[in-house]
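Undergrad:
Numbering (mature numbering (1 follows the signal peptide of the UniProt record, and there is no 0)), first residue to last: -22 to -1, 1 to 59.
Below, the structure is given as structure tokens:
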């Protein structure tokens, strides 16, 4: 089971992670994102329905421009419903 999880996370790292759908575990594969920041992203997303663009991530405590720039090529944003 652990191997399957590790392979899944490895594959996710190769493709852009959809911020509006990603789990805490998926978010933790991003550079500089640990459990606490990943949980904050999910909590913000739950409260605000979704992230419309990358700048919305700056509203999450602990996410700054430098962290966002490190991950720009690794994240995507599905359309808000």
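C-beta: ideal position from N, C-alpha, C; glycine also. Owing to the predicted nature of the structure, the values given are computational and were not obtained by experimental measurement.
1. To the nearest angstrom, how far is it from the Cα of residue 22 to the Cα of residue -21?
2. Check each candidate in 13, 34, 58 and name the one with the smallest Cα separation from residue 27.
3. Which word fits residue 50, buried or exposed, when buried means at least 16 other C-beta atoms lie within 10 angstroms of its C-beta?
4. Out of 38, 43, -19, 42, state which residue places its alpha-carbon closest to the alpha-carbon of residue 19.
5. In the DSSP assignment, what are the bridge partners of residue -4?
6. Do residue 29 and residue 74 count as a contact pair if the criterion is CB distance below 8 Å?
7. For the alpha helix (DSSP H) holding residue 20, just list the boundary residues, first then last.
TA: In terms of the structure at hand:
1. Distance from the CA of residue 22 to the CA of residue -21, rounded to the nearest whole angstrom, comes to 29 Å.
2. It is 58 whose Cα lies nearest to the Cα of residue 27.
3. Residue 50 is exposed by the Cβ-count criterion.
4. 38
5. BP columns for residue -4 are empty, so no partner.
6. Since the first residue of the chain shown is -22 and the last is 59, residue 74 is not available in this structure.
7. 13 to 26
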